[in-house]
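Below: the structure, in structure tokens.
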Amino acid sequence: MSPRIPRIPDRSASQVRPDRSGIAGLALRFLIALCVAVLPGCATLQQPPASPWPATDPAPVYAVEDARPVPGLGGETAPDPTATERLLALALQEWQLWGRGRWDAATNLTERRLDEPRGLEAEPYLHARVLLYWLGVKGGDFPIQRTRHEDGSLRPWSAVFISWLMRGAGFGERQFEAGELHWQYIRAALDNGARAGFEARDAALTVPRPGDVICAPRDATPEAPAGFVQWSALARPLRARPWPWHCDLVVQVDGSELGAIGGNVSDSVTWTRTPLDAAGRLVPTPERPWTIVLRHKGAPP
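Residue numbers for the sequence shown follow the UniProt record's numbering, beginning at 1 and rising by one.
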């Protein structure tokens with residue numbers, strides 16, 4: 001009897017099944033390699049942003065408080081500030097906005113704070129501020145091109161600044177004749193007498209105080225008057241001339257010196273330091289030969 005020959009299964013191509021476990025393992029290894037290569041870059045993009053506060057400048061700390069009851073219909077109640085208080089607050093606000101620079105009328109030296117940006121009229125945001133002064137005095141339809149020279153630089157704006165302060169503090173046209181020349185409101189105080197809101201006083205005889213406007217003539221010429229008496233007695237045809245002056249608002253009187261804020265001083269809103277004599281009167285300097293003090297008639301004596 002012939003031995004049985006075992007049957008060998010048919011391993012044709014149509015019956016060979018792929019090794020799925022091997023393919024899956026290969027795919028898994030590929031994905032792992034891909035993740036290892038890609039994830040470091042992804043992790044870099046997803047890092048949290050750095051703190052906006054420099055290491056030397058700690059983040060601000062806020063105090064959390066309960067809401068306070070509001071006593072008035074519109075909020076906190078407060079006494080009405082006087083005209084002088086409004087005027088001083090507005091002047092100090094502008095001086096801080098411009099960087100709190102100072103100028104010494106006796107030494108002709110300028111001081112500026114190193115911890116604040118230097119505020120100059122060429123800076124775009126301060127250039128716009130000067131235009132605000134002009135439009136606040138002249139009206140919203142005033143041509144902006146009239147505030148500049150042909151080369152784009154600003155025209156003198158110190159008188160406009162003082163006028164803007166007066167309007168902001170609530171002084172109307174009948175009380176203060178605003179203008180682009182200091183001489184306009186000086187002349188109004190000299191001409192109108194009892195009808196003017198401000199009276200012109202001799203700087204050589206007057207002890208200045210906060211709220212006063214102190215004025216000095218510029219670029220003295222042989223035909224220009226030499227003192228207050230001569231200016232107050234100026235003939236009417238000569239009063240019509242556009243005499244160049246500069247004026248500042250007194251904000252502080254402290255012993256032997258006075259602090260006054262004015263515009264277009266060193267191309268900025270500047271605190272001017274000027275000396276006082278033993279009696280508290282202004283000491284004229286070559287840069288500021290103080291001649292006239294303008295005082296609001298409604299101010300306390």
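Ideal placement from N, C-alpha and C gives every residue a C-beta, glycine not left out.
Whole-angstrom distance between Glu287 and Asn108, CA atom to CA atom: 7 angstroms
What residue range does the alpha helix (DSSP H) around Val213 cover? Per DSSP, Val213 belongs to no alpha helix (DSSP H); it is in the beta strand (DSSP E), 213-217.
With a cut-off of 8 angstroms on the beta carbons, I'd call Pro117 and Gly99 a contact; round off their distance for me. 6 angstroms
So is Val251 buried or exposed if we call it buried at 16+ other beta carbons inside 10 Å? buried
Applying the 10 Å Cβ sphere with the 16-neighbour rule, what's the burial state of Gly140? exposed
Nearest to Leu135 by CA position, among Thr147, Arg112, Pro284, Leu126, is which residue? Out of Thr147, Arg112, Pro284, Leu126, Thr147 has the C-alpha closest to the C-alpha of Leu135.
With a Cβ-Cβ cutoff of 8 angstroms, do Glu177 and Ala159 count as a contact? Not a contact, by the Cβ cut-off of 8 angstroms.
Take Thr106 and list the residues in its own chain whose beta-carbon comes closer than 6 angstroms to its own, dropping the five residues that flank it on each side. Here residue 106 turns out to be Ala, not Thr, going by the sequence shown. Excluding positions up to five away in sequence, the list reads Pro275, Thr285.
Backbone CA spacing between Arg112 and Ile162 [nearest angstrom]: 22 angstroms
Taking the beta strand (DSSP E) that Glu257 belongs to, which residues open and close that run? 257-262
Taking C-alpha atoms, which residue in Thr291, Val269, Tyr185, Pro210 lies nearest to Leu120? The shortest C-alpha separation from Leu120 is found at Val269.
Leaving out five residues on either side along the sequence, give the residues of the same chain with a beta carbon under 6 angstroms from the beta carbon of Met166. Phe176
Rounded straight-line distance, which links the Cα of Arg195 to that of Thr291: 22 angstroms
Leaving out five residues on either side along the sequence, give the residues of the same chain with a beta carbon under 8 angstroms from the beta carbon of Val229. Asp202
According to DSSP, which residues form a beta bridge with Leu120? In DSSP, Leu120 forms no bridge with anything.
Do Ser232 and Leu205 have their C-beta atoms within less than 8 angstroms of each other? no
Under the rule that 16 or more other beta-carbon atoms within 10 Å means buried, what is Glu76, buried or exposed? exposed
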